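Undergrad: Input: one structure, supplied below.
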Amino acid sequence: MRLALRFVLPLVLALTGVAYALVPLVDQLTLRWFVRDLDMRSTLIADTLYEPLQERLETGKETKIESFFNRITRDERLFAIGYCSAPDAAVLASRLMPKDLLCSSLSRWEQPGDHLLLSSQGPLHVAVITLSGETGALGKLAILHDMSFISRRSEETKRYVLYLFMGLAAVISLITVIIAQLSWRGWMTGMRNVLRGEVLSRRPGIDSRPELREFKPIARDLQILIRELEADTRARDESQMTWTPETLRAILHGELRGGDIIVVSNREPYIHQRRGDRIEVQRPASGLVTAMEPIMRACSGTWIAHGSGSADREVVDMNDRVAVPPEKPSYQIRRLWLSREEEIGYYYGFANEGIWPLCHIAHVRPTFRSRDWAQYVAVNKKFARAVVSEAKTPNPVVLVQDYHFALLPKMIREELPDATIITFWHIPWPNPESFSICPWAQDVITGLLGSSILGFHTQFHCNNFVDTIDRLMEARVDRETFDVSFGGKLTAVRRYPISIAWPPEPDLLLKDLTMCRADVRRINDLPAGHKLGVGVDRLDYTKGIIERFQAIERLLELNPQWIGHFSFVQIAAPTRAEIDEYQHHEAHVRTVAMRINSRFERQGPPPILLKVEHHEPTDVYEYFRAADLCFVSSLHDGMNLVAKEFVAARDDERGVLILSQFTGASRELPEALIVNPYDADQCAAALLLALTMPDSEQRDRMRLMRGLVAEFNVFRWAGRMLLDAAVMRRHNRLIGAGPTGAA
């Protein structure tokens, strides 16, 4: 009994002291939580009151505003509401509004702080919210909440904390006495031996008991289970993570236990071209490269791609590898060489004359030929063999990119059953009726279902894919989880909106914005104050370049005052020149630009400056930073990263983004001016609005868009896929399904 008291009394005293020490901290946390909740509640109230209040002000019913506020403040926590149209105006308020709260003093409560007002009625929380309408600021709304209830709840919390620690002290004391009586030290030593796989001993110095060797497999299973449970219960709240290259490395080496990473794409991130007696390194104008290249720098893996540059063979080693980036190598490109016949059939034929127009529904008829399909199958097999040869472990993480490799996941799965295969489809997925046009639709879907995870930009594309499986395949689809079971394997169909690296590379923002504006106008022979728009695209019929030019023409027709005062620079990177449809499209773009310029150029600089040539990222960003607006008019697009790059380039928080409603980016950037590119009048109106938008509105819109691009950057895009892959692998190990079940 004396031994028990020696344990119990100090423990009770210590825990009681801790309880009293925690009370001030609990008070502070409680106050902080309630203040935050009241801030949120005030914002919701302001949003609710906006339209009724605006209606009363517009109709001259200001005398009824006070009675309107009195009805609302019947809420037991809502103490008073007041409205000020100007700093020197009188407060229109409910009857309990403190007399010393004047319109001229409201700006004080807009500053950061707890917004606590001590009045004769008790403590009050004050929130001041600026109401803005289409014509500018409407006024300020002051919302006061009664905070006396916080004191009551704080007293209750203190009592509960004290009771909790007293109960905790009693329980711990009881456990301490029991364990002391059972000689818990020796028992815990024995359990540790079991978990280590060691044989139990009777007592120190005595040989092990051979009859207890059966504990070894139990100990091994317990060790594995404990490790898995620890990993599963580790908190990973995405909203609390800062997504950087270091975060990706931690996921790859921690969550995926150091597995090597392999990226497969048709387009390579760096192209070596011979220019006379020197070799020039280019970065292609590709959204895929823009997204994936920062990830590879972070993860230091291998990128397998088609070597298409005129000097690509000259710079690779004996294994067809080259280290990149040239200035600071951090990963390897493994180049594959395609014959002219393979390139025509696989790339220009099936991929870009068949799948590309089929999925984009841009009113270009898809063409399917059996000889193109044969080459597509052969090239996919060639890339599958390259993946197997580059894998350093039996379970690599393979990121298969885009519609060029629909058959590749199944081929890799057959050779590397333990691999984690993440396939991302960068273009839209059409409805089942459209996709069934493809003669080999079932083969394409079967190939994709070899993936562990299949990603799309939007939920709409996920829905279309699952609908296509329902229509064409004998597979089990779980509509709640979007998991597809086919051939004994599970594929998770997920939405992963792609993005760009944040922050942008310092070299892209190195040039001062004022200098960018001056240099771009000087290079293009434009006056210093000339308004400038920019578009950056591949010369592809899905990008809506013709529709963009027609919108500019319509703007000048309806608003002739902008003739000679506004020009639009269209950077159009040449692409797929082997395909007739692209040749016709380029000729059409040039013709339309020439026609519009000849119509308006006599009155000043030409309205359209067409640049059909490759531009390096630094040049593109210079145009982004120099322009007053960016116009993205895609007729159908998976995401369109040009929109996000323009936002990232504008660290001055100026510029207006006009964005097609048919891009995935329009779902994420509603602060842009969203338009239907087929509606020339609507697009012309958006151009006029962009050219005349006040700086304050530009700043508000751009701040919101930059905040989203910063938070949902490309590292988060890749990290979410890798985290989902890690969870899938752990789940399979726990249930004993083996990696081939889903990973």
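So the sequence shown is numbered by the working numbering: it starts at 269 and just counts up by one.
Quick reminder that beta carbons are idealized off the backbone N, C-alpha and C, glycines included.
Only a predicted model underlies this, so the values are computations on that prediction, with no experimental measurement involved.
(1) Can you tell which of HIS631, TRP605, THR726, PRO685 has its C-alpha closest to the C-alpha of ILE695?
(2) Taking the beta carbon of GLN669 as the centre, do at least 16 other beta carbons fall within 10 Å, making it buried, or is it exposed?
(3) Which value, in whole angstroms, describes the spacing of the CA atoms of TRP605 and SER753?
(4) Is the beta carbon of LEU412 sitting closer than 8 Å to the one on LEU392?
(5) Beta-carbon separation of LEU925 and MET973 under 8 Å?
(6) Using C-beta distances below 6 Å, list every residue in its chain close to LEU807, excluding the 5 sequence neighbours before and after it, in chain order.
(7) Let me know the alpha helix (DSSP H) ranges lying completely inside the segment 810-856, each 4 residues or longer, listed in chain order.
(8) Determine, using beta carbons only, whether ILE847 and TYR616 come nearer to each other than 8 Å.
(9) Take every Cβ of the segment 952-960, pair it with every Cβ of the segment 528-536, and state whether three or more of those distances are shorter than 8 Å.
(10) If you measure between the beta carbons of MET365 and ALA354, is that distance less than 8 Å?
(11) Just the C-alpha distance for LYS521 and THR759, rounded to the nearest angstrom, thanks.
(12) Closer than 7 Å by C-beta to LYS799: which residues in its own chain qualify, once you throw out the five before and the five after it? Chain order, please.
(13) If contacts are defined as beta-carbon pairs under 8 Å, then LEU878 and LEU937 qualify, I think. What distance do you get, rounded to the angstrom?
(14) Is the separation between the beta-carbon of TYR599 and that of VAL590 shorter than 8 Å?
(15) On the premise that ILE831 lies in contact with PHE254, defined as a C-beta separation below 8 Å, what is that separation, rounded to the nearest angstrom?
(16) DSSP on PRO391, reduced to helix/strand/coil?
(17) For THR759, write down the residues that DSSP places opposite it in a beta bridge.
(18) If you draw a straight line from the C-alpha of THR558 to the C-alpha of GLY390, how long is it?
(19) Does the distance from the C-beta atom of ALA674 to that of ILE680 stay below 8 Å?
(20) Pick helix, strand or coil for GLY622, following the three-state DSSP scheme.
(21) Taking Cβ positions, are VAL900 and THR931 nearer each other than 8 Å?
(22) Drop a sphere of 10 angstroms on the beta-carbon of TRP301, count the other beta-carbons inside from all chains shown, and report buried for 16 or more, exposed for fewer.
(23) Below 8 Å between beta carbons: does that hold for PHE636 and CYS567?
(24) With distance defined between alpha-carbon atoms, name the residue in GLU683, GLU701, LEU676, TYR431 nearest to PHE692.
(25) Assign SER902 to one of two classes, buried (16 or more other C-beta atoms within 10 Å of its C-beta) or exposed (fewer than that).
(26) Is DSSP giving HIS574 helix, strand or coil here?
(27) Given that a residue counts as buried once 16 or more other Cβ atoms are within 10 Å of its Cβ, and exposed if not, what is PHE785?
(28) So, GLU921 versus ARG971, is the Cβ gap smaller than 8 Å?
(29) So what does DSSP say about THR736, is it helix, strand or coil?
(30) Take every Cβ of the segment 759-775, pair it with every Cβ of the segment 723-737, and state whether three or more of those distances are shorter than 8 Å.
(31) Alpha carbon to alpha carbon, what distance is there between VAL802 and SER362?
(32) Tell me whether ALA994 is buried or exposed, calling it buried when 16 or more other Cβ atoms sit within 10 Å of its Cβ.
(33) Beta carbon of ASP580, beta carbon of ILE539: below 8 Å?
(34) Any chance you could list the beta strand (DSSP E) runs of at least 3 consecutive residues sitting entirely within the segment 400-430, in chain order?
(35) Check this for me: beta carbons of LEU409 and ALA314, under 8 Å apart or not?
(36) Relative to the C-alpha of PHE817, which residue among ALA845, GLN829, PRO771, ILE864 is closest?
TA: By the coordinates alone:
(1) THR726
(2) buried
(3) Straight across, the Cα-Cα distance linking TRP605 with SER753 is about 35 Å.
(4) yes
(5) yes
(6) In its chain, beyond the 5 residues on either side, ALA840, PRO842, THR843, GLU854 have a beta carbon closer than 6 Å to the beta carbon of LEU807.
(7) 813-826
(8) Cβ distance < 8 Å, so ILE847 and TYR616 count as in contact.
(9) no
(10) no
(11) In the sequence as displayed, the identity of residue 521 is His instead of Lys. Here the alpha carbon of HIS521 sits roughly 23 Å from the alpha carbon of THR759.
(12) Excluding residues within five positions, the ones whose Cβ falls inside 7 Å are HIS833, PHE834, ASP896, LEU959.
(13) With a Cβ gap of about 26 Å, LEU878 and LEU937 do not count as contacting.
(14) no
(15) Examination of residue 254 is not possible in this model, given that the chain is present from 269 through 1011 alone.
(16) Annotated three-state conformation of PRO391 is strand, per DSSP.
(17) VAL752
(18) 57 Å
(19) No, the Cβ-Cβ distance between ALA674 and ILE680 is not below 8 Å.
(20) Helix, per DSSP.
(21) yes
(22) Counting every other CB atom within 10 Å of its CB across the protein chains shown gives TRP301 a total below 16, marking it as exposed.
(23) Between PHE636 and CYS567, the C-beta gap is not smaller than 8 Å, which leaves the two residues out of contact.
(24) LEU676
(25) buried
(26) Look at HIS574 here: in three-state DSSP terms it is strand.
(27) First, the amino acid is wrong: residue 785 is Arg here, not Phe. Flag for ARG785 reads buried.
(28) yes
(29) helix
(30) yes
(31) 51 Å
(32) buried
(33) For ASP580 and ILE539, yes; Cβs fall inside 8 Å.
(34) 404-414
(35) yes
(36) Of the listed residues, the one whose Cα sits closest to PHE817 is ILE864.
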